[in-house]
Each structure stands twice: as C-alpha cells, then as structure tokens.
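S.K.:
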Amino acid sequence: MDPNVKQALQTTLANWQAMTAYQSDEQEAVADQFQSSFYVFIDVFRAWVLRLDTKPETFEALMGLEMVQEILDLLPAPLHLNFETEAELIIDDVERTDDDKYD
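Residues 1 to 103 (UniProt numbering) are what the sequence shown spells out, left to right.
Laid out in structure tokens, this is it:
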C-alpha cells in the first residue's frame, strides 16, 4: 500500500476506534477529529489516484484495484459507503469544498 495512504488510513482508523469507544461529553470532539481525519485520508487517496500512470476510468475499475481492496478490508463496514461515495466523486473528477465535506 502507498505509504502516504497507509499513514492517513491508520490515523482515520485510530480516530474511528476512539470515536466508537467514547460515551461521554467528549464524543462530539472525538467525532469531529475522526471526520477531519477521514477527509484528510480521502485527499491523500485522491492524490494517489491522480498520480497513477493509468487512472481508472470507471468506479468499478477503481474499486477493483488491489490497494482499494486492501483499504476496504481494513475499513469498518459502516465506512464503506462513505469511502465508495468519495471514490465515485474522484472518478467523476468532483472535488468537494470544505463546506461540503462537513455537511
């Protein structure tokens, strides 16, 4: 796996674990930290996709890449849809503004 993507994914997964473990008033802050790390991960993933010698032209082609399968194996099931949605936007060459990321 690309080292930059791996690092960003590990941070996201650690923040996911922290968020799911908190049951207190701090949960909102931890959730915000997770959300921020998820979109950093997506930005790093997008950069990786754009650096590929042959950019996948379809969502299915992107999802079929070995590294994407590794990511899906590591991501908790509740995050698969979020990741797939972002992957579709990458294929469609749509980049969210910061406001869109947090809605």
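We put the CB at the ideal spot given by N, CA and C, even for glycine. What you are looking at is a predicted structure, and each value in this text was computed from that prediction instead of being measured.
Can you name the start and end residues of the alpha helix (DSSP H) that Thr11 belongs to?
M.R.: Pro3 to Ala21
S.K.: On the criterion of 16 or more Cβ atoms from any shown chain inside 10 Å, does Asp103 qualify as buried, or is it exposed?
M.R.: Reliability fails at Asp103, whose pLDDT of 46 lies under 50, so the model's placement of it is uncertain and no value is given.
S.K.: Inspect the beta-carbon positions of Ile71 and Phe59 and report whether they are closer than 8 angstroms.
M.R.: no
S.K.: Quick one: grab the DSSP three-state call for Arg96.
M.R.: coil
S.K.: Taking the C-alpha atoms as reference points, what is the distance between Glu26 and Thr85?
M.R.: 28 angstroms
S.K.: According to DSSP, simplified to helix, strand and coil, what is Leu74?
M.R.: helix
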